Amino acid sequence: MIGPVTFWILAVIVVGSALLVVTFKNIFHAGLALVVTFLGVAGYYLALRADFLAITQILIYAGAIAVLILFAILMTHRVGEHKETVHNSLKIMSMLVIAPLLALITVVVQITFPRTTMMPQQTGPQLAKIGERLLISYALPFEIISLILLAAMIGAIIVGREEGK
Amino acid sequence: MGEITLIHYFILSAVLFCIGLYGVLTRRNGIAVFMSIELMFNAVNINFIASSYASGSGFLTGQIFPFFIIAVAAAEVTIGLALMLAVYRAKASVNLEDISELKG
Chain U
51 MIGPVTFWIL AVIVVGSALL VVTFKNIFHA GLALVVTFLG VAGYYLALRA DFLAITQILI
111 YAGAIAVLIL FAILMTHRVG EHKETVHNSL KIMSMLVIAP LLALITVVVQ ITFPRTTMMP
171 QQTGPQLAKI GERLLISYAL PFEIISLILL AAMIGAIIVG REEGK
Chain R
350 MGEITLIHYF ILSAVLFCIG LYGVLTRRNG IAVFMSIELM FNAVNINFIA SSYASGSGFL
410 TGQIFPFFII AVAAAEVTIG LALMLAVYRA KASVNLEDIS ELKG
């Protein structure tokens with residue numbers, strides 16, 4: 051069930067930690083805020099009855115991608131590194147570009163889509179049915195994604211090698 | 350607040366997307382740009398799943414694409430961070446201002 055309380059608590063968590071991600075000067079703190087954002091988004095998936103995707107989000111995003119990002123931060127961190135000197139003009143120009151985009155999206159969405167209430171779904175566990183879809187209807191993208199992951203692994207190993215190895 | 354409609358989820362997704370976009374445009378650390386791109390991916394995923402929930406009959410089909418988005422994001426982070434490490438080895442910095450050799 052999606053009650054307003056759940057939605058707004060998760061909204062505060064997700065949007066608040068996303069703002070912290072883009073504003074923290076210390077990049078390690080930004081990485082930790084990113085983990086909180088991922089977990090908040092997983093909470094949204096649970097509120098929307100997508101339990102398999104919620105678990106996938108926690109496992110892959112918060113469990114692998116965020117850890118990978120934190121490792122990369124640790125490996126590329128220089129002690130005494132000059133902090134990011136972001137000019138105020140850059141921030142203001144970004145806001146000038148993004149604020150109309152956000153306003154446009156908000157207005158267009160409210161005009162285009164009817165205010166359909168989110169009917170509570172009588173759904174059970176998703177895993178078996180998603181597995182059916184993946185292996186029967188969407189078998190080709192499933193195989194292609196395995197090739198993509200293989201290519202990404204090989205590429206990362208080659209790119210990340212030390213010289214002369 | 351009243352009922353939570355689909356519009357709420359769309360606006361939430363748009364806000365998260367714009368926060369990620371602000372991070373991509375503003376941050377100077379290459380890995381911070383990666384983190385902002387991941388925020389944008391998550392915003393799109395929320396949009397997909399909220400739409401599939403509201404569509405009723407397309408609930409299961411609408412979860413397949415976010416699944417693939419998560420998988421492709423994992424592949425992209427792998428290669429992107431390997432690239433960042435290679436850049437760090439070459440330039441001793443991941444600050445975008447230090448690796449702008451093609452500029453102007």
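So the sequence lines, in the order shown, correspond to chains U and R. Using our numbering, the letters of the first sequence map in sequence onto residues 51 to 215. Using our numbering, the letters of the second sequence map in sequence onto residues 350 to 453. Quick reminder that beta carbons are idealized off the backbone N, C-alpha and C, glycines included. Because the structure is a prediction, the values reported are computed rather than measured.
Residue-level contact to chain R via CB, residue 191/U, 9 angstroms cutoff: If you number the first sequence from 1, residue 191/U lands on position 141. For residue 191/U, the answer is yes, since a Cβ of chain R falls inside 9 angstroms of its Cβ.
Cutoff 9 angstroms: residue 64/U Cβ touching any chain R Cβ: The residue given as residue 64/U occupies position 14 in the first sequence. Answer yes: the Cβ-Cβ gap between residue 64/U and chain R drops below 9 angstroms somewhere.
Three CB pairs or more closer than 8 angstroms across the stretch 351 to 359 of chain R and the stretch 51 to 68 of chain U: yes
Any chain R beta carbon closer than 9 angstroms to residue 59/U: Translated into the one-based positions of the first sequence, residue 59/U becomes position 9. So, not an interface residue.
Sufficient close CB pairs (3 or more, under 8 angstroms) joining the stretch 359 to 370 of chain R to the stretch 141 to 159 of chain U: yes
Neighbouring residues, chain U, relative to residue 372/R (Cβ below 8 angstroms): Along the second sequence, read from residue 1 onward, the residue named residue 372/R stands at position 23. What residue 372/R touches in chain U: 71 and 72.
Cutoff 9 angstroms: residue 98/U Cβ touching any chain R Cβ: On the first sequence, position 48 is the one that residue 98/U refers to. Interface residue, yes.
Pair within 9 angstroms by beta-carbon distance, residue 387/R and residue 411/R: The residue labelled residue 387/R in the question sits at position 38 within the second sequence. The residue labelled residue 411/R in the question sits at position 62 within the second sequence. In this structure, residue 411/R does not lie closer than 9 angstroms to residue 387/R by Cβ.
Beta carbon proximity, residue 449/R to chain U, threshold 9 angstroms: By 1-based counting over the second sequence, the position of residue 449/R is 100. With 9 angstroms as the cut-off, residue 449/R does not count as an interface residue toward chain U.
Span of the alpha helix (DSSP H), counted from its first residue to its last, around residue 425/R: Here the question's residue 425/R lines up with position 76 in the second sequence. Where residue 425/R is concerned, the enclosing alpha helix (DSSP H) stretches over 413 to 440.
Any alpha helix (DSSP H) of 4 or more consecutive residues that is wholly inside the stretch 52 to 112 of chain U: 54 to 73, 77 to 97 and 101 to 106
Contacts around residue 121/U, its chain only, beta-carbon distance under 8 angstroms, and the 5 residues preceding and following it disregarded: Indexing the first sequence from 1 puts residue 121/U at position 71. Excluding residues within five positions, none has a Cβ falling inside 8 angstroms.
Residue-level contact to chain R via CB, residue 185/U, 9 angstroms cutoff: Residue mapping note: residue 185/U aligns to position 135 of the first sequence, counting from 1. Taking Cβ atoms only, chain R never reaches closer than 9 angstroms to residue 185/U, which makes this a no.
Beta-carbon proximity of residue 393/R to residue 382/R, cut-off 9 angstroms: Residue numbering aside, residue 393/R sits at position 44 when the second sequence is read from its first letter. Residue numbering aside, residue 382/R sits at position 33 when the second sequence is read from its first letter. Result no, Cβ atoms of residue 393/R and residue 382/R do not sit closer than 9 angstroms.
Min CB distance residue 369/R to chain U below 9 angstroms: Against the second sequence, residue 369/R aligns to sequence position 20. For residue 369/R, the closest Cβ of chain U is nearer than 9 angstroms.
Nearest candidate by alpha-carbon position, reference residue 112/U, set 64/U, 119/U, 189/U and 88/U: Residue numbering aside, residue 112/U sits at position 62 when the first sequence is read from its first letter. When each option's Cα is compared against that of residue 112/U, the closest is 88/U.
Span separating the alpha-carbon of residue 57/U from that of residue 399/R: Your numbering for residue 57/U matches position 7 in the first sequence. Your numbering for residue 399/R matches position 50 in the second sequence. So the two alpha carbons sit approximately 12 angstroms from each other.
Cross-chain neighbours of residue 385/R in chain U, by beta carbon under 8 angstroms: Here residue 385/R refers to the residue found at position 36 when the second sequence is read from its first residue. Going along chain U in sequence order, the residues near residue 385/R (Cβ under 8 angstroms) are 71 and 72.
Beta-carbon contacts of residue 68/U that lie in its chain and below 7 angstroms, excluding the five residues immediately before and after: For the purposes of this step, residue 68/U is taken as residue 18 along the first sequence, with counting starting at 1. Hits under 7 angstroms: 87.
Contact set for residue 180/U: own chain, Cβ-Cβ below 8 angstroms, skip 5 residues either direction: Numbered from its first residue, the first sequence carries residue 180/U at position 130. For residue 180/U, where only same-chain residues beyond five positions count, the Cβ hits under 8 angstroms are 102.
Neighbourhood of residue 408/R by C-beta distance below 8 angstroms, restricted to the same chain and skipping five residues each side: In the second sequence, the residue the question calls residue 408/R occupies position 59. Excluding residues within five positions, the ones whose Cβ falls inside 8 angstroms are 401 and 402.
Min CB distance residue 54/U to chain R below 9 angstroms: By one-based count along the first sequence, residue 54/U stands at place 4. With 9 angstroms as the cut-off, residue 54/U counts as an interface residue toward chain R.
CB contact check: residue 105/U to chain R, cutoff 9 angstroms: The residue labelled residue 105/U in the question sits at position 55 within the first sequence. Nearest CB-CB separation between residue 105/U and chain R: not below the 9 angstroms threshold.
Simplified DSSP state of residue 156/U, which is helix, strand or coil: Against the first sequence, residue 156/U aligns to sequence position 106. Three-state result, residue 156/U: helix.
Chain-ordered chain U contacts of residue 443/R [CB-CB under 8 angstroms]: Numbered from 1 along the second sequence, position 94 holds the residue referred to as residue 443/R. By Cβ distance, chain U contributes 126.
Range covered by the alpha helix (DSSP H) that runs through residue 173/U: Position 123 of the first sequence, counted from the first residue, corresponds to residue 173/U. Counting along the chain, residue 173/U falls outside any alpha helix (DSSP H), and DSSP gives it neither H nor E.
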